[in-house]
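Structure first, then comments.
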Amino acid sequence: LLHLLLRYPGCFWVTMKGCGPYIVDETEYKNLNAEMNQFYDKSYKGVDEVKPLTVEEGQICVVFSEELKCWCRAIIKSIMYCTDHYQTECFLVDYAKYIFVKSKDIRVALEAFMRIPYRAKKCRLFRTKPVTLRIDFCEDTAKIVPARRWDSAATRYFQSLLKATTQMKAKLCAVEGNTFDVFLYVTIKDEKVCVNDDLVSKNFARFEEGKENTGSCADYQENQTSLNAESLPMKIVNPAHAFRPVLFQEKIPTNLETGGNRELTRKKFLGPNFTESYCWPPVARGCDVVAISYQGNDPFLYIPPVLTFLQSGSCYKALPNRNGPLALILCPGWKKAHLVFELLKIYERCSRQLHPMLIILGQNKEEARSVKIRGCEVIVTTPYSLLRLFEHHSLLFCRLCHLVLDEIEVLFSDAVEQVFAILDCYKKAIITEEWEYSPHQIIAVGTRWNKHIPRLIKEFMDDPYIVITAVEEASIYGNVQQVVQPCMNSERTAVLLKILDFTHNNFQKVLVFTNSVNEVEMIHKVLKSNSIFSLKIHEKSECSFKYIIEQWTKKYSSGTHVVLVLTDDCMQSLRITDATCVIHFSFPSPRIFGQRLHSMSDNFCNDSSVDRQYTKARSVILLTENNNACHALGILHYLQHAEAEILPELHDFMAKMLEAEEDKKFSRPLCAYLKTFGTCNRTMCPDRHQINLQIDVCQNIPDKIIQTPGCVTILPLHIVNATNYFGRIVDKQKDQYTILAEEINEYFKKPSNKISVKNVEKLAFYGLCEKTLFHRVQVLEISPKEEENLFFNVKIKYIDEGRTSQVQSYQLLHLPAKFQCLPPQAVEFVVCRVKPIDNEIEWNPKVTHYIHHKIKGKLHEAKIVHTLGNTAWVDPMVRVTRLSDLKMSVNEYNIRSEILSTGLGTDNPEHITQLQKLCGHIKVLDDVKNLEPLTPPDISSPNPLPLVHQAALSVVGKLSVLLAQPFTSIIYCLSKTQLFSILEKIQLNLLYFSFHPEIKWFQNEETVTVKVKIASVADCKCEFSKEKVVFRKVYIEKRSMVQITEEQGEVEINLRNPHVSLDFEHWEDFEDKSPFPVGTKKLYCPAAVTEELVESSEDSETESDE
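So for the sequence shown, my numbering puts the first residue at 132; every next one is plus one.
Written out as structure tokens, the structure is:
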């Protein structure tokens, strides 16, 4: 260091020499001065063009110094007006000098001259505070006490030390605003002295332990007026401090290299966002950082500052001269790793060559052994891949300085053991002596707080910067106590009074939030009538915000409690951050919930390990039956994430809410992950996870998928991923599609048949020429026509191959009806019992490319183990080569085995079981499926149907509205056994489509009675007619019943079906006459639903003979 201006230990200016992220070479300042002098000297004639229109305090400008005889960058500190001109006091930011300048010598500071940081750095001694001698004349004593200012003796001693030094060094400890907190070391007569310790030992100062230097309000304002492009934000200890934004003078931070600036400009990057402005500075200084933000999954939170730090190669000179990366970025999966790697390649071109590598390894040990990391300084990988690599490269951590944990909450959720194993390896590596003068840094970024982060901070980080800009997550870090209070909507006021029944003497500031003005007035009136001191504020309130703030901030005696009732729209104006309790009288949306929690941010704990029972901040949610279901589910998910105590009845409520959310997805496509792997995270996935017969069991499907449920020959034509393909089932004897394709190509060979379609219709079938072949296609979407364009884009599907594409409308050809008779031949095939390794949810492109080149367009033998509509699950799928000379066949390869051999796939034994469980409600009986519809006979004919058939037919007809299944034409040809199989199918479909109702059957000599219980409905409306029964209801907790009774004559029946329950309400009266055997069969339905029915059904005490 070289001192420039010495004022006192809390404020002095120096220049820095050497290397590091804050240091600019002295030659750059000389070049800058030369450029400024050349420009402003030449522009003397056009002085008006570069002269500022107005001059204000705090303005950055360029002034001419008579002492230095040059133009200098400066900040205007004060303005003194004279009769014919004005003088300004300016601070020269590169020389740390105060000078007076006339108005004629002030010029506008061009952006080109502000590209490098100021040469003079403002410093202060770290955690070193002034003291003074206090004399008490009454007690005749004197003692040293903390002081607000440095006295003259301390200042003179400090200045004499620095003037006498022959060498000065500093250890940077923190940066607040534009002030560097340092431990200062000076060499005087060959003796090295720590100035901080020396001042304390001579009783000029004291050390401030365990508290951060946050600076005074005045200092904060001063910092705002003098921030330059290198300026850094304050160190965030309390999450609430994240809401004090950092000012950057330029749109693009100039601490990145010039090339990087150009790349950022090309990407239209205007500057760091709110979170980046807090994360970049500590990361660029090499500090440990934990950042939790809504943008926490964006790699830009750490890539620019890490690349900036990596440019200073001299920081790594002390490292051993071996092969190994300087930086390691751990991503939660291969997809995120690819994204980070691509960004590194883009911005690495603007800096020195770092030779980044993307390493994704499977379970093949030979692959890990063959990896070469020579010359690589940045590795992007996943936890599982890194540990596989480490098994064969034991010196992987010997040069590692920067460890980045991307999406930390996902890493800890999916691979917590692997992450901590890596952290242990890194910790052991930095203990060696060779690391004494080398940087070591851990960066963890994510969108949500995780329970494992405190361990990461405590065991592996060194005084980290914790940046949390998501208030909900900050409340978890701050150990805010979350309380859920279920109650009826009419009981909220009484519950509120119980909550406000203060029994302790601690001072409490309580906010009660509501959604309406009427509720504010009502609550305020109730609180006053119960002798609780309360304030109120809303948009129509007579009280001013100033009055409310004055009352809120007044000093009250211990044991006093202040309650403020307000609406959400008043939060921004009041800016309250010191509440101790927030009561959500009206249920909030997730966004409003976070804003309400911010009102307690001053009381968030700084240590997340503190037990919640000792925290000051508390949030109470009143959960009623009128709450918005979507909002309630989101808040309850958050409370689970926060590990708040949730009552058992709330778990049941959440289960019902999740079921209701699934019902809302009923028109969505069936989840692809569910089909491919058998499982999916339903809370995060937007698609459907239950069967919809109208969508999934489509009518227009190839006959071969129905007729041949066993071994088939398939031809994969469109490869979606490693286990999901579209193709055709090929008939080796006489393939109908092959004949059709030949006819289509023969037809379109004639130019006269190639008729372009003028009016394109959605879902219509057309022909399309692709190279030399013609295909049948169906229009899926039609883009809006542009007025100036004659043609427009159309999204089509190749109905015989399964792939989709975008084409121009003029490319579509008229397809004769004779070519449309054959149903679409494309079938979706899914290979069973295999999934990606490492908890991945998508196949690595390497596997997909390998399988694509291996199977596309080649015939394979496969066994269909399950079908659903147009989808067939196959296991196995084998490529068979026939040796005609030897009259034998050879299995060339098995697709599942090929995937496993890549090392990127693993066994998935539960796949088929999960599929069967998913499709358990739609099992189609063979004896019904193969029946052909018959013409209903005349009931009045000499040979009428048996009475039991007539009764069953009538019952089924009346239930058809609920079932949407055409069974009436089948019933006429059924035997009694087939009839009750049909009724079983009705029951299973009712279970699925009618909120899983319970069906009870009772039959005697005169009537057949079917009861259908429909759960969770209200506002009942039931319309009866001869043809049907229409039942309408909305949600309610109780269960409703539809009872349909059909008269019949003599009947003799023996019901032995395991899925039909008997109605015991009528059992006693007809016990002697009943044709049923003693005992009942339990209703078939999912386990969760069965529990629910049994608990609430009046007929739950029936016995089972299963």
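By construction, the Cβ of each residue, glycine as well, lies at the ideal position given by its N, Cα and C atoms.
Predicted model, so just to flag it, every value in this text is computed and none were measured.
In the structure shown, the three-state DSSP call for M592 is coil. Around the beta-carbon of E780, fewer than 16 other beta-carbon atoms lie within 10 Å, marking it exposed. Within the segment 186-252, the complete beta strand (DSSP E) segments at least 3 residues long are 191-196, 201-212, 217-223, 228-233 and 237-239, listed from N- to C-terminus.
Nearest to P915 by C-alpha distance, out of T755, S940 and L695, is S940. For a cut-off of 8 Å, the C-beta gap from V611 to V694 is around 19 Å, too long to register as a contact.
Counting along the chain, the unbroken beta strand (DSSP E) around Q613 starts and ends at Q612 to P617. Counting the other Cβ atoms within 10 Å of the Cβ of D545 gives 16 or more, which makes it buried. A distance below 6 Å between beta-carbons, with the five flanking residues on each side excluded, links L767 to the following residues of its chain, in chain order: M785. Contact fails between the segment 617-627 and the segment 425-434, because fewer than three Cβ pairs, one in each stretch, are under 8 Å apart.
Under the 8 Å Cβ criterion, the segment 963-978 does not count as touching the segment 860-871, having fewer than three qualifying pairs.
If you look at Q682, you'll find it isn't in any beta strand (DSSP E); it sits in the alpha helix (DSSP H) that goes F676 to T684. Residue T1002 holds the alpha-carbon nearest to the alpha-carbon of A957 among F638, T1002, I927 and L944.
The beta carbons of N855 and T807 sit closer together than 7 Å.
Residue range I1026 to S1032 is occupied by the alpha helix (DSSP H) that includes R1027, with no beta strand (DSSP E) assigned at that position. Excluding its 5 nearest sequence neighbours in each direction, P847 has C-beta neighbours in its own chain below 8 Å: Y856, F857, G858, F960, I986, K987, G988, K989 and H991, listed in chain order. In the structure shown, Q426 falls within a coil segment according to DSSP collapsed to helix, strand and coil. The shortest CA-to-CA distance from H782 to any of P800, W580 and A763 is the one to A763. For K667, the CB contacts under 6 Å within the same chain, skipping 5 residues up- and downstream, are V651, H655 and V696 in chain order. Shortest Cα-Cα distance from Y212 to any of E187, I714, F950 and D271 involves E187.
The alpha-carbon separation between A872 and V1005 amounts to approximately 26 Å. Secondary structure of Q639 (DSSP, three-state): strand. Look at C952 here: in three-state DSSP terms it is coil, with no helix or strand label.
Beyond the five residues adjoining it in sequence on each side, G1034 comes within less than 8 Å, by CB distance, of L492, G493, Q494, N495, E498 and I968 in the same chain, given in chain order. DSSP places T755 outside both helix and strand once states are collapsed to three, so it counts as coil. DSSP lists L904 as the beta-bridge partner residues of E901. Burial state of Q1134 is buried, judged by a 10 Å Cβ sphere holding 16 or more other Cβ atoms.
DSSP places Y929 inside the beta strand (DSSP E), whose first and last residues are N924 to Y929. For D537, the three-state secondary structure derived from DSSP is coil. Just so you know, the alpha carbons of F905 and G898 end up roughly 7 Å apart. Pairing I275 with N334 gives a Cβ-Cβ distance under 7 Å. Taking the C-beta atoms as reference points, Y557 is found no nearer than 7 Å to P413.
Using a Cβ distance threshold of 7 Å, I995 and M1008 do not count as a contacting pair.
Residue range S665 to I668 is occupied by the beta strand (DSSP E) that includes S665.
Going by beta carbons, R1010 and E1029 fall outside the 7 Å limit.
Here V657 has T624 as same chain residues with Cβ atoms under 6 Å from its own Cβ, once five neighbours each way along the sequence are excluded. Counting only residues of its own chain and dropping the five nearest sequence neighbours on each side, N757 has a CB closer than 6 Å to the CB of N620.
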